[in-house]
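Since the structure comes first, as C-alpha coordinates, the remarks are kept for the end.
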Amino acid sequence: MQDTLAQLKRGERAIITDVSSIYIPLKLLEMGCLPGNSVELVQVAPFQDPMYLNINGSHLAIRKETASLILIEKKAHE
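Take 67 as the starting number for the sequence shown in my numbering and just add one per residue.
Below is the structure:
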(Lines of atoms letter the chains of each structure in order from A and count residues from 1; the text may use other names and numbers.)
(Lines give C-alpha, C1' and ligand atoms only; values in the text may rest on other atoms or scores of the structure.)
Protein backbone atom coordinates (compact mmCIF):
# COMPACT_ATOMS: atom_id res chain seq x y z
CA MET A 1 0.00 0.00 0.00
CA GLN A 2 1.32 3.41 -0.95
CA ASP A 3 1.60 6.34 1.46
CA THR A 4 -0.80 9.26 1.28
CA LEU A 5 -0.34 12.93 2.05
CA ALA A 6 -2.45 12.47 5.21
CA GLN A 7 0.27 10.21 6.65
CA LEU A 8 3.03 12.83 6.58
CA LYS A 9 4.39 14.00 9.91
CA ARG A 10 5.42 17.58 10.62
CA GLY A 11 8.64 18.47 8.77
CA GLU A 12 8.55 15.42 6.48
CA ARG A 13 8.98 15.86 2.75
CA ALA A 14 7.64 13.80 -0.12
CA ILE A 15 6.99 13.75 -3.85
CA ILE A 16 3.40 13.61 -5.08
CA THR A 17 2.94 10.52 -7.25
CA ASP A 18 -0.80 10.47 -8.03
CA VAL A 19 -3.80 12.81 -7.76
CA SER A 20 -6.19 10.96 -10.05
CA SER A 21 -9.17 10.82 -7.68
CA ILE A 22 -12.25 12.64 -8.96
CA TYR A 23 -12.81 13.92 -5.41
CA ILE A 24 -9.75 16.21 -5.44
CA PRO A 25 -10.83 19.80 -6.12
CA LEU A 26 -9.55 21.34 -9.36
CA LYS A 27 -8.35 24.33 -7.34
CA LEU A 28 -5.71 22.13 -5.63
CA LEU A 29 -4.40 20.99 -9.00
CA GLU A 30 -4.23 24.60 -10.17
CA MET A 31 -2.23 25.51 -7.05
CA GLY A 32 0.47 22.95 -7.87
CA CYS A 33 -0.75 19.77 -6.25
CA LEU A 34 0.44 17.68 -9.21
CA PRO A 35 2.48 14.49 -9.66
CA GLY A 36 6.21 15.16 -9.47
CA ASN A 37 5.94 18.20 -7.21
CA SER A 38 7.56 18.21 -3.78
CA VAL A 39 5.47 18.68 -0.65
CA GLU A 40 6.33 19.34 2.99
CA LEU A 41 4.00 19.25 5.99
CA VAL A 42 4.55 22.56 7.76
CA GLN A 43 1.94 22.37 10.51
CA VAL A 44 -1.26 20.62 11.54
CA ALA A 45 -4.18 22.46 13.12
CA PRO A 46 -5.76 21.32 16.39
CA PHE A 47 -7.64 18.04 16.06
CA GLN A 48 -5.32 17.19 13.11
CA ASP A 49 -7.40 19.02 10.50
CA PRO A 50 -6.62 20.93 8.26
CA MET A 51 -3.02 20.31 7.24
CA TYR A 52 -0.79 23.27 6.30
CA LEU A 53 1.50 22.34 3.40
CA ASN A 54 4.31 23.79 1.33
CA ILE A 55 3.98 22.54 -2.25
CA ASN A 56 6.80 23.76 -4.50
CA GLY A 57 6.98 27.02 -2.56
CA SER A 58 3.22 27.62 -2.39
CA HIS A 59 1.56 27.42 1.02
CA LEU A 60 -1.91 25.96 1.31
CA ALA A 61 -4.16 24.23 3.78
CA ILE A 62 -6.19 21.16 2.92
CA ARG A 63 -8.48 18.87 4.85
CA LYS A 64 -7.08 15.54 5.97
CA GLU A 65 -9.90 13.78 4.12
CA THR A 66 -8.67 15.26 0.83
CA ALA A 67 -5.02 14.63 1.72
CA SER A 68 -5.80 10.92 2.12
CA LEU A 69 -6.63 10.79 -1.63
CA ILE A 70 -3.21 12.12 -2.73
CA LEU A 71 -0.53 9.46 -3.11
CA ILE A 72 3.08 10.30 -2.23
CA GLU A 73 6.56 8.83 -2.05
CA LYS A 74 8.39 9.95 1.09
CA LYS A 75 11.88 11.40 0.72
CA ALA A 76 14.77 10.16 2.80
CA HIS A 77 15.80 12.63 5.52
CA GLU A 78 18.20 15.20 4.10
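The C-beta atom is built at its ideal place from N, Cα and C for all residues, glycine as well. What you are looking at is a predicted structure, and each value in this text was computed from that prediction instead of being measured.
Margin query: Assuming residue 80 is part of the beta strand (DSSP E), what are its boundary residues?
Written below: Where residue 80 is concerned, the enclosing beta strand (DSSP E) starts and stops at 79-84.
Margin query: According to DSSP, is residue 68 part of a helix, a strand, or is it coil?
Written below: In this structure, residue 68 counts as coil in the three-state DSSP scheme.
Next item on the list: Mind checking who residue 109 pairs with in its DSSP beta bridge?
Entry: Per DSSP, 118.
Item checked: Alpha-carbon spacing of residue 112 relative to residue 92, whole angstroms -> Rounded to whole angstroms, the gap between the alpha carbons of residue 112 and residue 92 is 26 Å.
Next item on the list: Can you say whether residue 187 is buried or exposed, counting buried as having 16 or more other CB atoms within 10 angstroms of its CB?
Entry: Outside the shown range of the chain, which is 67 to 144, sits residue 187, and nothing can be said about it.
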